[in-house]
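Q: One structure is given below, represented as C-alpha cells, and several questions about it will come after.
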Amino acid sequence: MKVAVIKYNAGNIRSVAFALERLAVDFSITDNPEELKSADKVIFPGVGEASNTMKYLKDTQLDRVIRSLTQPVLGICLGMQLMCKHSDENNTPCLGIFDETVTLFQPAHNEKVPHMGWNSLALTKGCLPADVDDQFVYFVHSYYVPVNQHTSAITNYVQPFSSAMRKNKFFAVQFHPEKSAKVGEKILTSFLSLE
Amino acid sequence: MLTKRIIPCLDIKDGRTVKGINFINIRDAGDPVELGAAYAEQGADELVFLDISATNEKRKTLAHLVKEIAAHVNIPFTVGGGISSIADVEPLLEAGADKVSINSAAVKNPILIDQLAKAFGSQFVVLAIDARKMGNQWTVHTHGGSQPTEKKLFSWSKEGQDRGAGEILFTSMDHDGTKSGFAIDPLTKLSELLRIPVIASGGAGRKEDFLEAFVVGKADAALAATLFHFGEIKIPDLKNYLKNNGVPSRI
Chain A
638 MKVAVIKYNA
648 GNIRSVAFAL
658 ERLAVDFSIT
668 DNPEELKSAD
678 KVIFPGVGEA
688 SNTMKYLKDT
698 QLDRVIRSLT
708 QPVLGICLGM
718 QLMCKHSDEN
728 NTPCLGIFDE
738 TVTLFQPAHN
748 EKVPHMGWNS
758 LALTKGCLPA
768 DVDDQFVYFV
778 HSYYVPVNQH
788 TSAITNYVQP
798 FSSAMRKNKF
808 FAVQFHPEKS
818 AKVGEKILTS
828 FLSLE
Chain B
9 MLTKRIIPCL
19 DIKDGRTVKG
29 INFINIRDAG
39 DPVELGAAYA
49 EQGADELVFL
59 DISATNEKRK
69 TLAHLVKEIA
79 AHVNIPFTVG
89 GGISSIADVE
99 PLLEAGADKV
109 SINSAAVKNP
119 ILIDQLAKAF
129 GSQFVVLAID
139 ARKMGNQWTV
149 HTHGGSQPTE
159 KKLFSWSKEG
169 QDRGAGEILF
179 TSMDHDGTKS
189 GFAIDPLTKL
199 SELLRIPVIA
209 SGGAGRKEDF
219 LEAFVVGKAD
229 AALAATLFHF
239 GEIKIPDLKN
249 YLKNNGVPSR
259 I
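In the order they appear, the protein sequences are chains A and B. Count the first sequence with the working numbering and you get residues 638 to 832, in order. Count the second sequence with the working numbering and you get residues 9 to 259, in order.
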C-alpha cells in the first residue's frame with residue numbers, strides 16, 4: 638500500500654509523519670500530482686490559516702489535484718475546513734468538496750476560543766470505527782464546520798459541530814488523530830485499511 | 009464535552025530528566041522519551057518539557073531530543089526553556105513540537121509573542137508567567153522566578169493574549185513546591201479575565217487541589233511535576249477522582 642501525505646505549507650505534516658511511522662506505515666510526503674494520484678490513500682493534513690494555505694494550493698495547482706482524487710482521502714483539521722466550499726477565516730473560497738461554510742465559534746457562555754483540548758465524539762454514521770464512539774480526541778481550532786448531511790461524528794463545543802464528515806471517498810476530521818493517543822491511532826488505522 | 013487537562017511537566021538538563029523520578033516500570037528514569045511515553049500511556053492529556061540546561065551550547069541538543077519525543081509520544085507536547093527568537097523556535101517546530109512556551113524572553117521583548125504567533129499561529133505559543141505576591145500585587149518574575157520585574161500578572165497576561173499568545177501558563181512562585189494547593193484567587197481572576205485557556209501551576213499536593221483549581225479557579229488545565237514523578241498521585245486515580253466529582257475528564 639502506498640500512502641501519500643500532501644506536502645504544502647501546513648504546520649502538522651511532521652506530526653502526521655511521526656504518527657504514520659509509529660503505525661509502521663510506508664508513506665511519502667509529496668506535492669507531485671502523479672504521485673498523489675497513484676497513491677492508495679492520501680492524507681491532507683493542516684494547521685494554519687485558510688487564505689494563505691488556499692493561495693498556496695492554487696498557486697501550485699494542488700487544489701485541482703485534490704478535487705480530482707478518486708482514492709480515499711483524509712483531511713485533518715484545516716485540511717477538513719479547506720475541503721469545504723468557503724471559510725469565514727479571511728473570507729476564503731475553498732475546495733468545495735463539501736458544500737459547507739466554515740464558521741468562527743461565537744462563545745455563548747464565555748467558552749474559550751480556540752476550542753483546545755480533548756473532547757468526545759458522538760458517531761452518527763458508520764464511517765469511523767464503532768468503538769471510538771464517546772471516546773476523546775484532541776482538538777485545536779477556532780473555526781468549525783456545522784452539522785450537515787455528510788456529518789459522521791458530532792462534538793459539542795459552544796454548539797454541536799461536525800467533528801468528522803464523509804462524502805464518497807473524501808473523509809475529513811476536525812480533530813488531530815495524530816495527537817489523539819490510542820483512539821487517534823485506531824482512526825488512522827481504520828482509514829488506512831479502507832478498500 | 010471539553011475536558012480539563014492534566015499535564016505532567018518534565019525538567020530536562022543536557023538531554024536528561026532532572027529531579028528525582030520514581031516510576032514503576034521505567035527502565036531509565038532519566039530518559040525523557042521513555043517517561044513521556046509512559047505518561048501518555050497513563051492518560052496524561054499533554055506534556056511539558058522544560059529545558060533548564062545552563063548554556064546555549066547544551067540547548068542545541070534539544071531539537072534532537074524533541075524529535076525523539078515526537079516520534080514516540082502520541083499526545084501533544086510543549087517545549088520551553090531559553091527560547092528567545094524565531095530562530096530558536098524553528099528547529100523545535102521542525103522536530104515536531106506542538107507548542108513552545110516562552111517566559112523571560114517575552115518579558116524582556118514582548119514583541120516576540122507577536123512574532124511567534126504570526127509566524128506559527130497562536131495555538132503554538134504558550135506564555136509562561138511566574139508571579140509572586142508582593143504587597144497586594146502579583147508581580148511577574150523572570151529567570152526561574154528569581155528576578156522581580158515591573159510587570160503585573162493580570163495586565164501582562166492580558167497583553168500576552170492581545171499579542172497573540174494561545175495559552176497562559178501561570179505559576180505562583182509563592183505556592184510552587186509547597187504542596188499546599190494552587191493559588192486559587194489569582195487563578196479565578198485570570199480565567200475570568202482571559203478568553204484563552206489558562207494552565208494552573210505551582211502548589212499541587214493533593215487531588216483536592218486539582219478539583220479546586222478547576223471548579224473554583226476555573227482553570228482549563230493543571231500542571232504538576234514531582235507529585236507525578238514520585239507517584240504520590242497517579243494520573244488514572246486523579247482523573248477518576250475528578251470525574252467522580254463532576255469535572256469533565258478524559259478517562
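Beta carbons are placed, not taken as given, at the ideal position from N, Cα and C, and that holds for glycine.
(1) Give the DSSP-derived three-state secondary structure of PRO16 of chain B in the structure shown.
(2) Heavy atom of the ligand SAH less than 6 angstroms from the Cβ of ARG651 of chain A, yes or no?
(3) Output, in sequence order along the chain, the residues in the stretch 80-103 of chain B whose CB is closer than 8 angstroms to any CB in chain A.
(4) With DSSP as the reference, please indicate the residues paired to SER109 of chain B in a beta bridge.
(5) If you scan the stretch 648-690 of chain A from start to end, which runs of the alpha helix (DSSP H) of 4 or more residues do you find wholly inside it?
(6) Flag this pair as yes or no: are the beta carbons of SER757 of chain A and ASP771 of chain A separated by less than 7 angstroms?
(7) Is DSSP giving LYS695 of chain A helix, strand or coil here?
(8) Would you identify the three-state DSSP class for GLU102 of chain B, choosing helix, strand or coil?
(9) With three or more C-beta pairs closer than 8 angstroms as the rule, is the stretch 733-740 of chain A touching the stretch 811-818 of chain A?
(10) When the Cα atoms are used, what is the spatial distance from THR157 of chain B to ARG171 of chain B?
(11) Which residues does DSSP pair with GLY754 of chain A in a beta bridge?
(12) Leaving out the 5 sequence neighbours to the left and right, which residues in its chain are closer than 7 angstroms to THR826 of chain A when beta-carbon positions are compared?
(13) If you compare alpha carbons, which of B:GLU167, B:GLU98, B:GLN131, B:LEU73 is closest to ALA114 of chain B?
(14) Using a Cβ-Cβ cut-off of 7 angstroms, state whether VAL640 of chain A counts as contacting chain B.
(15) Does the distance from the C-beta atom of LEU235 of chain B to that of ILE241 of chain B stay below 7 angstroms?
(16) Quick check: the Cα distance between ALA706 of chain A and VAL56 of chain B, rounded to an integer number of angstroms?
(17) Between the stretch 726-746 of chain A and chain B, which residues of the former have a C-beta closer than 8 angstroms to a C-beta of the latter?
(18) From which residue to which residue does the beta strand (DSSP E) around GLN708 of chain A run?
(19) Give a yes or no on whether the C-beta atoms belonging to ALA103 of chain B and ALA71 of chain B are separated by under 7 angstroms.
(20) Spatial neighbours of LEU806 of chain A within its chain, please: C-beta separation below 8 angstroms, excluding the five flanking residues on both sides.
(21) What number of angstroms, rounded off, separates the C-alpha of ASN82 of chain B from the C-alpha of ALA45 of chain B?
(22) Near ILE824 of chain A, what residues of its chain come up, given a Cβ to Cβ distance below 8 angstroms and the 5 sequence neighbours on each side ignored?
A: Result, derived from the coordinates:
(1) In the structure shown, PRO16 of chain B sits in a strand (DSSP, three-state: E or B).
(2) No copy of the ligand SAH appears in this structure; indeed no ligand is present at all.
(3) So the close ones are HIS80, ASN82, ILE83, PRO84, LEU101, GLU102, ALA103.
(4) Paired residue(s): B:GLY88, B:VAL134.
(5) Runs of the alpha helix (DSSP H) inside the stretch 648-690 of chain A: 650-659, 670-675.
(6) Between SER757 of chain A and ASP771 of chain A, the C-beta gap is smaller than 7 angstroms, which places the two residues in contact.
(7) LYS695 of chain A falls in the helix class under three-state DSSP.
(8) Helix.
(9) Verdict: no, contact absent.
(10) When the Cα atoms are used, THR157 of chain B and ARG171 of chain B turn out to be separated by approximately 19 angstroms.
(11) Assignment of beta-bridge partners to GLY754 of chain A by DSSP yields A:PHE776.
(12) Scanning its chain for C-beta atoms nearer than 7 angstroms, with the 5 sequence neighbours on each side dropped, one finds around THR826 of chain A the residues LEU660, in chain order.
(13) From the listed residues B:GLU167, B:GLU98, B:GLN131, B:LEU73, the smallest Cα separation to ALA114 of chain B is found for B:GLU167.
(14) Chain B contact via Cβ: absent.
(15) Their beta carbons are under 7 angstroms apart, which means LEU235 of chain B touches ILE241 of chain B by this criterion.
(16) Looking at the sequence shown, residue 706 of chain A is not Ala but Leu. Between LEU706 of chain A and VAL56 of chain B, the C-alpha separation is close to 39 angstroms.
(17) Taking a C-beta cut-off of 8 angstroms against chain B, the contacting residues of the stretch 726-746 of chain A are PRO744, listed in chain order.
(18) Careful: GLN708 of chain A lies outside any beta strand (DSSP E) and carries neither H nor E.
(19) Going by beta carbons, ALA103 of chain B and ALA71 of chain B fall inside the 7 angstroms limit.
(20) Here residue 806 of chain A is Lys; the residue named in the question, Leu, does not match the sequence. If we look at LYS806 of chain A and ignore the five residues flanking it on each side, its Cβ neighbours are LEU706, THR707, GLN708, PRO709, VAL710.
(21) Rounded to whole angstroms, ASN82 of chain B to ALA45 of chain B spans 8 angstroms at the Cα level.
(22) Around ILE824 of chain A: LEU765, PRO766, VAL769, VAL774, VAL810, PRO814, SER817.
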